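Colleague: Can you read through this structure? Questions will come right after.
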Amino acid sequence: MNLYNSIPVAVILAASALTGCSYNTALSPPADSRMIHFSATVPAELEALPLHTIYRSDICRKELQNADWKTYTVPGYHRERYPLTMVTPGKAEADIPESGGGACNWRLSNIVFEVNLRNPAKIDPLISDSSGKEATFVFDNHAPGTFDGGYEKKAGDVNEELILFPLITESFIGGHEKSFWLIGKYETLTYKVKNTKNINLTVDYKSDMKTHRIGIKKKEEKAMATFIYPDGEQEKTRELFPEYKKLMKIYNERKNNSDH
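Numbering-wise, the sequence shown is residues 21 to 280 according to this note's numbering.
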């Protein structure tokens, strides 16, 4: 993943409402706004949530204060959700206006796609918490809300396959708890797009490639959790998530063996 050369850092101690409060900050996409067509093909075990979008405005700005209590402004933002419409079984679509219009002249900043496991109890009735996977598509130079400092660059239409693996974690400290996670290529999937009119995602969920993480049972200095990989290998670890590359290696080896 490429890293930004520099990411502005500010200690935000206080925030006020959008400046220029006389403006109506509502979104009002013009009829001739260019649309971003978003489609996702998702397997039955998973569920695609409504798209989350952020629009930004240089007209309706937001006041912040730094560590020295000096006030400065940044572009204001507006959150909007767009439901995905099922067009065929497993395929959902939405059209997102690039221009949010209105008095603030809102412009699309990013789109966040999220997918979750539809029914965790089918895997294990003791699962009490389930975390999905997000993919963020950035249209400008503003970092999204969830960002690790790196992104993949895409130009033109985006056709991306997201290969996801299931992880079940089991913890014992403070009570017995099982949680479900979707493991992807990166912990944070962020794409910087340019001249993009269509985003097409295909989610490939490897449901038979479960990894288990068994947590420590006592707080001891050398205590470590254990990963149990889909091929049965056990590995002591202090990490929460298994390596994606290792999961892909196990998957490819299994696939090659089945082809012979």
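All C-beta atoms in this analysis are idealised placements derived from N, C-alpha and C, irrespective of residue type, glycine included. Small disclaimer: the values here were computed from a predicted structure and weren't measured.
Which of the three DSSP states is assigned to Tyr-264 in this structure?
Modeller: Position 244 of the sequence shown holds residue 264. Helix at Tyr-264.
Colleague: With a 10 Å radius around its C-beta and 16 neighbouring C-beta atoms as the bar for buried, classify Ile-193 as buried or exposed.
Modeller: Along the sequence shown, read from residue 1 onward, the residue named residue 193 stands at position 173. Ile-193 is exposed by the Cβ-count criterion.
Colleague: Note down, in chain order, each residue of its chain lying with its Cβ closer than 6 Å to the Cβ of Ser-59, except the 5 sequence neighbours on either side.
Modeller: Residue 59 sits at position 39 when you count from the first residue of the sequence shown. Excluding positions up to five away in sequence, the list reads Glu-113 and Asn-220.
Colleague: Mark His-98 as exposed unless 16 or more other C-beta atoms lie within 10 angstroms of its C-beta, in which case mark it buried.
Modeller: Taking the sequence shown and counting its residues from 1, one reaches residue 98 at position 78. So His-98 ends up on the buried side.
Colleague: As a quick exercise: from Leu-104, Glu-255, Val-213 and Ile-79, pick the residue whose alpha carbon is nearest that of Val-62.
Modeller: By one-based count along the sequence shown, residue 62 stands at place 42. Of the listed residues, the one whose Cα sits closest to Val-62 is Leu-104.
Colleague: Please go through the same chain and pick out, in chain order, the residues whose beta-carbon is closer than 7 Å to the beta-carbon of Ser-191, but skip the five residues on each side of it.
Modeller: Within the sequence shown, numbered from 1, the residue matching residue 191 stands at position 171. Here the set comprises Glu-197 and Gly-235.
Colleague: Within the segment 166-208, note down every full beta strand (DSSP E) run reaching 3 residues or more, in order along the chain.
Modeller: As far as the segment 166-208 is concerned, its whole beta strand (DSSP E) runs of at least 3 residues are 170-175, 178-191 and 197-203.
Colleague: Could you tell me whether the segment 120-129 touches the segment 139-148, using the rule of 3 or more Cβ pairs below 8 Å?
Modeller: These segments do not touch.
Colleague: For Asp-78, report the span of its beta strand (DSSP E) as first-last.
Modeller: Taking the first residue of the sequence shown as position 1, residue 78 is located at position 58. 71-85 is the extent of the beta strand (DSSP E) around Asp-78.
Colleague: Indicate whether the contact test is met: 3 or more Cβ pairs, each with one atom in the segment 167-181 and one in the segment 207-221, closer than 8 Å.
Modeller: In short, these stretches touch, since the Cβ pair count reaches three.
Colleague: Would you mind stating whether Thr-231 and Leu-184 have Cβ atoms separated by less than 9 Å?
Modeller: Position 211 of the sequence shown, counted from the first residue, corresponds to residue 231. Position 164 of the sequence shown, counted from the first residue, corresponds to residue 184. No, the Cβ-Cβ distance between Thr-231 and Leu-184 is not below 9 Å.
Colleague: Would you give the residue range spanned by the beta strand (DSSP E) that Arg-127 belongs to?
Modeller: The count along the sequence shown starts at 1 and reaches residue 127 at position 107. Segment 126-137, the beta strand (DSSP E) holding Arg-127.
Colleague: In the DSSP assignment, what residue or residues form a beta bridge with Phe-58?
Modeller: In the sequence shown, counting from the first residue as 1, residue 58 sits at position 38. BP columns for Phe-58 point to Ala-114 and Ile-219.
Colleague: Taking Cβ positions, are Ser-227 and Gly-121 nearer each other than 9 Å?
Modeller: For the purposes of this step, residue 227 is identified with residue 207 of the sequence shown, where counting begins at 1. For the purposes of this step, residue 121 is identified with residue 101 of the sequence shown, where counting begins at 1. For Ser-227 and Gly-121, no; Cβs fall outside 9 Å.
Colleague: For a test of the three-state rule: what should DSSP assign to Glu-255, helix, strand or coil?
Modeller: Counting from 1 along the sequence shown, the entry for residue 255 is found at position 235. Glu-255 falls in the strand class under three-state DSSP.
Colleague: Please classify Tyr-225 as buried or exposed, where buried requires at least 16 other C-beta atoms within 10 Å of its C-beta.
Modeller: Against the sequence shown, residue 225 aligns to sequence position 205. When all chains shown are included, Tyr-225 counts as buried.
Colleague: What would DSSP say about Ser-278, mapped onto helix, strand or coil?
Modeller: By one-based count along the sequence shown, residue 278 stands at place 258. Helix, per DSSP.
Colleague: Measuring CB atoms only, is the segment 145-164 touching the segment 232-251, in the sense that at least three cross pairs come out at less than 8 Å?
Modeller: In short, these stretches do not touch, since the Cβ pair count stays below three.
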